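Peer 1: Following this message is one structure expressed as structure tokens.
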Amino acid sequence: MAVSTEERAQIDRLIDDYGRYAGLPGLAFEDGLFALSFDDVEITVSLEEGGTKLILRSPLDMTGIRTDARFVAAVLMANVASMLHGSGVMGIDEDVGAWVWIDHADPRGLTAETLHSRLLEAVKAIRFWRGRLPTLIAPEAAKAEPADDFNFTIIRG
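First residue of the sequence shown: 24, per our numbering; consecutive thereafter.
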């Protein structure tokens, strides 16, 4: 289901508002996407084909990691836990043929502040995956446990 012209205008206003909030005036979709960097994490934000969801995507460096069948099976199992936490999943982006972390956000009801919070949650999830990759099939290969354990504060409104 495609978004209406008004809904698309609201999404564009949200991105513009977020740009001003984050000190990036003029932030907008260019060719359907834009990229943001949070220190060591780059997130590409695009609109899902129908325009109803924001797609958040970040490349994962697989240097030195064997991506064999055992690894893929471990990723699939870890994806279940990650999905249940609402923390995105890891997979292969068919457009670029590379491993990525990916998630989505419903833009309806988001404000610049809540979009920023959502992006910061994404950064935490991406850093978790980066720390978790070496341990998926060889726990003894991990240099340290991932720094983030997905503890979030939940505030009831």
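All C-beta atoms in this analysis are idealised placements derived from N, C-alpha and C, irrespective of residue type, glycine included. None of the values given here were measured: they were computed from a predicted structure.
Grab me the residues of ARG31's own chain with a C-beta within less than 8 Å of its C-beta, minus the 5 sequence neighbours each way, in chain order.
Peer 2: Numbered from 1 along the sequence shown, position 8 holds the residue referred to as residue 31. Answer for ARG31: GLY74, listed in chain order.
Peer 1: Roughly how many whole angstroms lie between the Cα atoms of GLY87 and SER27?
Peer 2: On the sequence shown, position 64 is the one that residue 87 refers to. On the sequence shown, position 4 is the one that residue 27 refers to. GLY87 and SER27: Cα-Cα distance of roughly 46 Å.
Peer 1: Between VAL98, ARG80, PRO157, which lies nearest to LEU56 when the distance is taken from Cα to Cα?
Peer 2: Counting from 1 along the sequence shown, the entry for residue 56 is found at position 33. Nearest of VAL98, ARG80, PRO157 to LEU56, Cα basis: ARG80.
Peer 1: From what residue to what residue does the alpha helix (DSSP H) around LEU143 run?
Peer 2: Along the sequence shown, read from residue 1 onward, the residue named residue 143 stands at position 120. For LEU143, the uninterrupted alpha helix (DSSP H) segment begins and ends at 135-155.
Peer 1: SER60 lies in the beta strand (DSSP E); which residues open and close that run?
Peer 2: If you number the sequence shown from 1, residue 60 lands on position 37. If you look at SER60, you'll find it in the beta strand (DSSP E) that goes 56-61.
Peer 1: Just to confirm, are ASP129 and GLY111 a CB contact at a threshold of 8 Å?
Peer 2: In the sequence shown, residue 129 corresponds to position 106, counting from 1. In the sequence shown, residue 111 corresponds to position 88, counting from 1. Their beta carbons are not under 8 Å apart, which means ASP129 does not touch GLY111 by this criterion.
Peer 1: How long is the line joining the alpha carbons of PHE61 and ARG155, rounded to whole angstroms?
Peer 2: Start at 1 with the first residue of the sequence shown, and residue 61 comes out as number 38. Start at 1 with the first residue of the sequence shown, and residue 155 comes out as number 132. One C-alpha to the other measures close to 19 Å.
Peer 1: So who's on the other strand from THR67, going by DSSP bridges?
Peer 2: Here residue 67 is taken as the residue at index 44 of the sequence shown, counted from 1. In DSSP, THR67 forms a bridge with ALA58, ARG80.
Peer 1: Taking contact to mean 3 or more Cβ pairs, one atom from each stretch, closer than 8 Å, check whether the segment 112-123 and the segment 32-48 are in contact.
Peer 2: No: the two stretches stay apart, fewer than three of their Cβ pairs being nearer than 8 Å.
Peer 1: Please report how far the alpha carbon of ASP35 lies from the alpha carbon of ILE66, in whole angstroms.
Peer 2: Taking the sequence shown and counting its residues from 1, the one referred to as residue 35 is at position 12. Taking the sequence shown and counting its residues from 1, the one referred to as residue 66 is at position 43. Computed Cα separation, rounded: 18 Å.
Peer 1: Apply the 10 Å Cβ neighbour rule to ARG89 and answer buried if 16 or more other Cβ atoms are within range, or exposed otherwise.
Peer 2: Here residue 89 refers to the residue found at position 66 when the sequence shown is read from its first residue. With fewer than 16 other Cβ atoms within 10 Å, it is exposed.
Peer 1: What are the boundary residues of the alpha helix (DSSP H) that ARG115 is part of?
Peer 2: Residue 115 sits at position 92 when you count from the first residue of the sequence shown. Residue identity check: residue 115 is Ile in the sequence provided, not Arg. Not the alpha helix (DSSP H): ILE115 falls in the beta strand (DSSP E), residues 112-116.
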